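First up is the structure itself, then whatever we jot down about it.
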Amino acid sequence: MTRRGLFLFAALGIAWGIPYLFIKVAVGELEPAMVVLARAGLAAILLLPLAFYRREVGRVLRHWKPLLAYTVAEIILPWYFLSSAEQRIPSSTAGLLLATVPLAGVAVAFVLGRPEKLSLLNWLGLAAGMAGVAILVGFDLAGSDLIGVAEMAVVVVGYAVGPAILARWMSELPGVGVVSLSLAITAVVYIPFVLLTGAWPSAWPSASVIGAIVVLAVVCSALAFILMLALVGEIGPVKATTITYVNPAVAIIAGALVLGERVTVWTIVGFAVVLAGSYLVTLKRRTRMPIAAEGPEEAAATE
1 MTRRGLFLFA ALGIAWGIPY LFIKVAVGEL EPAMVVLARA GLAAILLLPL
51 AFYRREVGRV LRHWKPLLAY TVAEIILPWY FLSSAEQRIP SSTAGLLLAT
101 VPLAGVAVAF VLGRPEKLSL LNWLGLAAGM AGVAILVGFD LAGSDLIGVA
151 EMAVVVVGYA VGPAILARWM SELPGVGVVS LSLAITAVVY IPFVLLTGAW
201 PSAWPSASVI GAIVVLAVVC SALAFILMLA LVGEIGPVKA TTITYVNPAV
251 AIIAGALVLG ERVTVWTIVG FAVVLAGSYL VTLKRRTRMP IAAEGPEEAA
301 ATE
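Counting in full-length UniProt numbering, the sequence shown runs from 1 upward without gaps.
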């Protein structure tokens, strides 16, 4: 990997590893729906001009049905439930549980009728991943946190379904156009939701919360997406997906150093087992098999 590739990899690993920390800060004063609205709205304002400049908006809008499906699966539902879950569980745990997305991706492939033939190592990876989650839930989390874990399950499924929709119905569409429009749609959806549910804050949030929202929108969403596109162009989509294994580690370190979240032996053990499972389940068989066309799924809006 070149120096530029290493820089992009490290920068993206940080940008997609710290959202959980800043979401935790934001939901300390704001309702989850307001956090999603502010983050998506600001990120859309930053990315939409680029999409218009590159003349990608009209092309993407012609595929509005899969665009809406992707937006619901990748942003509208996951971002809300992620913010809600972080009102109950540590930010580091939220980031760690998202390492199971590759495991959920296998199940999604079966549901969509495009399952890959799994090798013995892939099956071992599935088993290890489930064991890792069991370790986290059974030993590292209290019973009162199970609602948060259930909400994270929705997030994991959404983050597995979103790229699958892109790969199957939108693989030829430009990534900036897809993500910017998805963010804009999310903001439009959440405006009435926030107003009707009373999620709009009655007073200005603190400077730390405003800063957290700005970082979430600018660094963890808009800038992270640009970094991902650059990384895919530098090292290719397959190697770029290994960033998934860095994000949880960054989330654990950030939560411990900044928020003082405890890191137990079971946290480390569960993380290692989940990570090993996710790695094994994504290993390709040596035999030549058809693969989905490369497209914006490599740069989905996942944290």
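The C-beta atom is built at its ideal place from N, Cα and C for all residues, glycine as well. Given the structure is predicted, the values throughout are model-derived calculations rather than measurements.
| query | Are Leu30 and Pro205 closer than 8 Å when you measure CB to CB? | reply | Residue 30 sits at position 30 when you count from the first residue of the sequence shown. Residue 205 sits at position 205 when you count from the first residue of the sequence shown. Closer than 8 Å, so yes.
| Unbroken alpha helix (DSSP H) run spanning Lys117, endpoints | Translated into the one-based positions of the sequence shown, residue 117 becomes position 117. Run containing Lys117: none; DSSP gives neither H nor E here.
| What number of angstroms, rounded off, separates the C-alpha of Met170 from the C-alpha of Phe52? | By one-based count along the sequence shown, residue 170 stands at place 170. By one-based count along the sequence shown, residue 52 stands at place 52. Between Met170 and Phe52, the C-alpha separation is close to 18 Å.
| Can you give the Cα-Cα distance for Ile129 and Tyr279, rounded to whole angstroms? | What you label residue 129 is simply residue 129 of the sequence shown in a count that begins at 1. What you label residue 279 is simply residue 279 of the sequence shown in a count that begins at 1. It should be pointed out that residue 129 corresponds to Gly in this sequence rather than to Ile. For Gly129 and Tyr279, the distance between alpha carbons rounds to 9 Å.
| Is it true that the CB of Ser84 sits closer than 8 Å to the CB of Leu259? | As a working note, residue 259 is residue 259 in the sequence shown. As a working note, residue 84 is residue 84 in the sequence shown. No. Outside cutoff.
| message | Which of the three DSSP states is assigned to Gly295 in this structure? | response | For the purposes of this step, residue 295 is identified with residue 295 of the sequence shown, where counting begins at 1. Annotation note: pLDDT 42 at Gly295 (below 50); position unreliable, coordinate value reported separately. Residue state, collapsed to three classes: coil.
| query | Leaving out five residues before and five after Leu12 in sequence, what residues of the same chain have Cβ atoms less than 7 Å from its Cβ? | reply | Counting from one through the sequence shown, the residue named residue 12 turns up at place 12. Taken in chain order, the residues that qualify are Ala224, Leu227, Met228, Leu231 and Ile243.
| said: Taking only three categories from DSSP, how would you classify Glu56? | reply: In the sequence shown, residue 56 corresponds to position 56, counting from 1. Here Glu56 sits in coil by DSSP.
| Gly5 versus Ile210 - alpha carbon distance | For the purposes of this step, residue 5 is taken as residue 5 along the sequence shown, with counting starting at 1. For the purposes of this step, residue 210 is taken as residue 210 along the sequence shown, with counting starting at 1. When rounded, the distance between both Cα atoms is 32 Å.
| request: Run the CB neighbour count on Leu196, radius 10 Å, all protein chains shown included, and call it buried at 16 or more, exposed below. | output: Numbered from 1 along the sequence shown, position 196 holds the residue referred to as residue 196. Exposed, since its Cβ has fewer than 16 Cβ neighbours within 10 Å.
| query | Does the separation of the CB atoms of Ile165 and Pro78 fall below 8 Å? | reply | Stepping through the sequence shown from its first residue, residue 165 is reached at position 165. Stepping through the sequence shown from its first residue, residue 78 is reached at position 78. Not a contact, by the Cβ cut-off of 8 Å.
| task | Please check the pair Tyr190 and Ala33, which I expect to be a contact at CB under 8 Å, by giving their CB distance rounded to whole angstroms. | result | By one-based count along the sequence shown, residue 190 stands at place 190. By one-based count along the sequence shown, residue 33 stands at place 33. About 6 Å; that satisfies the 8 Å criterion.
| Distance, Arg39 Cα to residue 314 Cα | Summary: the structure shown does not reach residue 314, with the chain confined to residues 1 through 303, and so no result is reported for it.
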